[in-house]
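A.B. asks:
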Amino acid sequence: MDYNLATAAAAPDKELVHYVNELTTINLGPTHPATHGVFQNVLKMDGEKIVSADTTVGYIHRAFEKLAEHRPLYQITPITDRLNYCSSPINNMGWHMTVEKLLGVQVPKRAQYIRVIMMELARISDHIICNSILGVDTGAFTGFLYVFQMREKIYEIYEEICGTRLTTNMGRLGGMERDLNERAITKLRAFLKEFPVVLQEFIDLFERNRIFMDRTLGVGAISAEMALNYGFTGPNLRAAGVDYDVRVNEPYSSYEDFKFEIPVGTIGCTYDRFLVRNEEMWQSVSIIQQALDNLPNDGFAADAEHYYLPPKQEVYRSMEALIYHFKIVMGEIDAPVGEVYHSVEGGNGELGFYLVSDGGRAPYRLHFRRPCFIYYQAYPEMIKDMVLSDAIVLLSSMNVIAGELDG
Amino acid sequence: MQLSNRSKKMVVKPMTLKERMYLPAIAAGLGITIKHFFRKKPTIRYPEVKREFSPVFRGLHVLKRDDLGRERCTACGLCAVACPAEAITMISAERKKGEEGLYREEKYAEVYEINMLRCIFCGLCEHACPKAAIYLQPDVMAPAFYSREEVIYGKDRLVENADKRANAGLDRVNGVRKLS
């Protein structure tokens, strides 16, 4: 039967009105166990088939952009932790790089390489979560438990670098807060040895599994044109066949020094996204290996006394260092007037920071370009005429993370 | 669409007959499960066995004393300014005659409170402190609580015990112990 809810409301056709009244309304969310986060979809269902979807965002809106207008630049880093909390180092580094772009700070190569290592680790942990949760949603719990052990190892490396595991607040404006120490390097090397084995096992479990393929192959396909029109980036766009990667197209933090490939899919279905993410994890392992092997030795922080906190020993002893220390902590760093946009390849797409500075201690305006927000706009159109269980699989394969969606 | 010459096409091969059948996959899956029985167990049996934290772990705050047992904090308020969660409040007071053994500087914090409900353990207070007074301990975590009053840590619980000095962990500069 041909149905259109808008025309049904405008020109009541008896049969059509009857049909619309027969539709079931289902609240998918805001606290649905299958949606991995706090977002609501009001679905109109014809049996198992979705006729229309109405998405609601903002259930965990924390007004980050407004909060940032009252914080000195360095205090915004903990806020970015809470955007995509599966890969917070990428958000931290992206923000640091944005501010460095505004201030014109040159970061030494070693700090850039450490950043690359941390960002690729974060990408692996983000993809681990997305792909293994996709397995859980299609009914395979085991693979999830096997790879999550590796995420724990990544968090231990974070802990050695910055001191905490999930909300990392890693690095500082102008570099890292401390150098890679022996413990961190040992753990990194151990991770690089163990992870490929576990990832290969995970891929063997899923990639040619009939149940998994039946559930994902061809489900939730999005054409490259539609994906571009919506503004998709990251693995979701690459799965549709467009090889757009910020790391290659707009290299930042010395990504041009590394050899890696951009995996692209064919039709942009859930299975393609799964394949692209798996391949990206292999590429990330290779990038970390390259960065660790060629780690330069020119210091972990920029030589920018106006912006980078002086070493503590200096602060206790020298008056000049104490003055800089006070100025930086109070946020009086004389930021130039201007606006910058900087984007990084986040765990699930291009994470952009648009910063307008009026020269004050806080940004005049800060906008986060959150990829999840964009994916979620396409969600109602993508799930139309799908069955409910496929819609759940599609949502987790797009890796929409509520913290980033609402901002 | 081709934007760079570094793309790698992911090809999806059609399922073979063996892959179409469920039974071999089930047997293979069981094999993997049994193989995992004999691997090293990743679980840490928590209360009995404890994982080693990193020396830079950001745990519960401590207000340090110096080697003579005097409080280091001089109530400059830099930690409160640096706190992105606005969790720290303090009231300063002037040191009186005869209190030289208690406080290191002429000014000290009469009241120093950290609201652990607000605190996000970002460590910016530690970065901000110019007197080596506040540290996040690498081996102590904020314990669970039953009431809101319990969560506001005053000086009675923050200042370290003069007899049992707290561990301040490692400093930003690689491998150097923090001033404690």
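These protein sequences, in sequence, are chains A and W.
Per this note's numbering, residue 5 is the first one in the first sequence, and the count goes up by one each step.
Per this note's numbering, residue 452 is the first one in the second sequence, and the count goes up by one each step.
Positions of the beta carbon are idealized from the N, C-alpha and C atoms, including for glycine.
(1) Alpha carbons only, please: which of A/P384, A/A306, A/W286 is nearest the one belonging to A/I54?
(2) In the DSSP assignment, what are the bridge partners of W/S598?
(3) By Cβ distance, which residues of its chain are closer than 8 Å to A/G245, with the 5 residues on each side in sequence left out?
(4) Work out the CA separation of A/Q204 and A/V265 for me, nearest whole Å.
(5) Anyone know if the C-beta pair for A/V103 and A/L77 falls short of 8 Å?
(6) May I have a chain-ordered list of the alpha helix (DSSP H) segments no shorter than 4 residues that lie completely inside the region 505-588 of chain W?
(7) Quick check on A/R214 - is its C-beta less than 8 Å from some C-beta in chain W?
(8) One question on the structure: do W/P589 and W/N612 come within less than 8 Å of each other, judged by their Cβ atoms?
(9) In chain A, which residues lie with their C-beta within 8 Å of the C-beta of W/M466?
(10) Using a 10 Å radius around the Cβ and a threshold of 16 neighbouring Cβ atoms, would you call A/P375 buried or exposed?
(11) In chain W, what lies closer than 8 Å to A/L279 by C-beta?
(12) Between A/D276 and chain W, is there a C-beta pair that is closer than 8 Å?
(13) Pull up the CB-CB distance for A/V42 and A/P34, whole angstroms please, since I reckon it's below 8 Å.
(14) Which term fits W/I495, buried or exposed, when burial requires 16 or more other beta carbons within 10 angstroms of its beta carbon?
(15) How about A/G179 and A/V111: are their beta carbons less than 8 Å apart?
(16) Could you confirm whether any beta carbon from chain A is found closer than 8 Å to the beta carbon of W/A533?
(17) Kindly list the residues whose CB is nearer than 6 Å to the CB of A/L370, restricted to its own chain and excluding five residues on each side of it in sequence; keep chain order.
(18) Hey, does W/A583 have any beta-carbon neighbour from chain A nearer than 8 Å?
(19) Please report the distance separating the alpha-carbon of A/I215 from that of A/L184.
(20) In the DSSP assignment, the beta strand (DSSP E) including A/P267 goes from what residue to what residue?
(21) Would you say A/M101 and A/M174 are within 8 Å of each other, going by their C-beta atoms?
(22) Under the three-state reduction of DSSP, which class applies to A/N213: helix, strand or coil?
(23) Under a Cβ-count criterion, where at least 16 other Cβ atoms within 10 Å of its own Cβ denotes burial, should A/D307 be classed as buried or exposed?
(24) Quick one: is A/D338 buried, meaning 16 or more other Cβ sit within 10 Å of its Cβ, or exposed?
(25) So, does the CB of W/G552 fall closer than 8 Å to a CB anywhere in chain A?
(26) Would you say W/P594 faces chain A, with C-beta separation under 8 Å as the test?
(27) Please decide whether A/L32 counts as near chain W, where near means a Cβ-Cβ distance under 8 Å.
(28) So who's on the other strand from W/E611, going by DSSP bridges?
(29) Considering just the uninterrupted stretch of the beta strand (DSSP E) at A/E73, what are its terminal residues?
(30) Does the beta carbon of A/F330 sit closer than 8 Å to a beta carbon anywhere in chain W?
(31) Which residues bound the beta strand (DSSP E) around A/K53?
(32) According to a CB-to-CB cut-off of less than 7 Å, which residues of the region 49-80 of chain A neighbour chain W?
(33) Please report how far the alpha carbon of A/I378 lies from the alpha carbon of W/K558, in whole angstroms.
(34) Is the separation between the beta-carbon of A/N282 and that of A/D130 shorter than 8 Å?
(35) Would you mind reading off the limits of the beta strand (DSSP E) that contains A/F372?
(36) Since W/Y604 and W/M567 are thought to touch, with beta carbons under 8 Å apart, how far apart are those beta carbons, to the nearest angstrom?
C.D. replies: If we stick to the structure as given:
(1) Locating residue 54 of chain A in the first sequence gives position 50, where the first residue counts as 1. Of the listed residues, the one whose Cα sits closest to A/I54 is A/P384.
(2) Walking along the second sequence from the start, residue 598 of chain W turns up at place 147. DSSP, once it has assigned bridges, lists no residue as partnering W/S598.
(3) For the purposes of this step, residue 245 of chain A is taken as residue 241 along the first sequence, with counting starting at 1. If we look at A/G245 and ignore the five residues flanking it on each side, its Cβ neighbours are A228, V268, G269, T270, I271, G272.
(4) Within the first sequence, the letter at position 261 stands for residue 265 of chain A. Within the first sequence, the letter at position 200 stands for residue 204 of chain A. Checking the sequence shown, residue 265 of chain A turns out to be Glu, not Val. Each residue's alpha carbon lies about 18 Å from the other.
(5) Against the first sequence, residue 103 of chain A aligns to sequence position 99. Against the first sequence, residue 77 of chain A aligns to sequence position 73. Yes, these two residues count as a Cβ contact at 8 Å.
(6) 529-533, 575-579
(7) By one-based count along the first sequence, residue 214 of chain A stands at place 210. Chain W contact via Cβ: present.
(8) Numbered from 1 along the second sequence, position 138 holds the residue referred to as residue 589 of chain W. Numbered from 1 along the second sequence, position 161 holds the residue referred to as residue 612 of chain W. No, the Cβ-Cβ distance between W/P589 and W/N612 is not below 8 Å.
(9) Residue mapping note: residue 466 of chain W aligns to position 15 of the second sequence, counting from 1. Those within 8 Å of W/M466 in chain A are R212, R214, M217.
(10) Working through the first sequence from its first residue, we reach residue 375 of chain A at position 371. It counts as buried.
(11) If you number the first sequence from 1, residue 279 of chain A lands on position 275. The answer, in chain order, is M461, V463.
(12) As a working mapping, residue 276 of chain A is identified with position 272 in the first sequence. Yes, contact with chain W.
(13) By 1-based counting over the first sequence, the position of residue 42 of chain A is 38. By 1-based counting over the first sequence, the position of residue 34 of chain A is 30. A/V42 to A/P34, Cβ: 5 Å. Contact.
(14) If you number the second sequence from 1, residue 495 of chain W lands on position 44. Its Cβ having fewer than 16 others within 10 Å, W/I495 is exposed.
(15) Here residue 179 of chain A is taken as the residue at index 175 of the first sequence, counted from 1. Here residue 111 of chain A is taken as the residue at index 107 of the first sequence, counted from 1. Yes.
(16) By one-based count along the second sequence, residue 533 of chain W stands at place 82. So, interface residue.
(17) Numbered from 1 along the first sequence, position 366 holds the residue referred to as residue 370 of chain A. Cβ within range, chain order: E69, A72, L359.
(18) Sequence index remark: in the second sequence, residue 583 of chain W carries index 132 (1-based). Yes, contact with chain A.
(19) As a working note, residue 215 of chain A is residue 211 in the first sequence. As a working note, residue 184 of chain A is residue 180 in the first sequence. Distance between the alpha carbons of A/I215 and A/L184 is about 43 Å.
(20) Taking the first sequence and counting its residues from 1, one reaches residue 267 of chain A at position 263. First-last of the beta strand (DSSP E) with A/P267: 266-268.
(21) As a first step, residue 101 of chain A is located in the first sequence; it is residue number 97 there, counting from the start. As a first step, residue 174 of chain A is located in the first sequence; it is residue number 170 there, counting from the start. Their beta carbons are not under 8 Å apart, which means A/M101 does not touch A/M174 by this criterion.
(22) Position 209 of the first sequence, counted from the start, is the residue given in the question as residue 213 of chain A. Here A/N213 sits in coil by DSSP.
(23) In the first sequence, counting from the first residue as 1, residue 307 of chain A sits at position 303. That one is exposed.
(24) Reading the first sequence from its first residue, position 334 is the one you call residue 338 of chain A. It is exposed - the Cβ of A/D338 has fewer than 16 other Cβ atoms within 10 Å.
(25) For the purposes of this step, residue 552 of chain W is taken as the residue at position 101 of the second sequence. So no, W/G552 is outside the interface.
(26) Locating residue 594 of chain W in the second sequence gives position 143, where the first residue counts as 1. No, W/P594 lies away from the interface with chain A (no Cβ there is under 8 Å from its Cβ).
(27) The residue labelled residue 32 of chain A in the question sits at position 28 within the first sequence. By this cut-off, A/L32 is not an interface position.
(28) Mapped onto the second sequence, residue 611 of chain W falls at position 160. Bridge partners of W/E611: none, in fact.
(29) The count along the first sequence starts at 1 and reaches residue 73 of chain A at position 69. Run containing A/E73: none; DSSP gives neither H nor E here.
(30) For this step, residue 330 of chain A is matched to residue 326 along the first sequence. Chain W contact via Cβ: present.
(31) Here residue 53 of chain A corresponds to residue number 49 of the first sequence, with the count starting at 1. First-last of the beta strand (DSSP E) with A/K53: 53-60.
(32) R75, Q79
(33) In the first sequence, residue 378 of chain A corresponds to position 374, counting from 1. In the second sequence, residue 558 of chain W corresponds to position 107, counting from 1. Cα-Cα distance, rounded: 53 Å.
(34) Mapped onto the first sequence, residue 282 of chain A falls at position 278. Mapped onto the first sequence, residue 130 of chain A falls at position 126. No, the pair does not count as a contact, with Cβ atoms beyond the cut-off.
(35) Taking the first residue of the first sequence as position 1, residue 372 of chain A is located at position 368. Run containing A/F372: 369-373, per the beta strand (DSSP E) assignment.
(36) To locate residue 604 of chain W, count along the second sequence from 1; it is residue 153. To locate residue 567 of chain W, count along the second sequence from 1; it is residue 116. That pair is a contact at about 6 Å.
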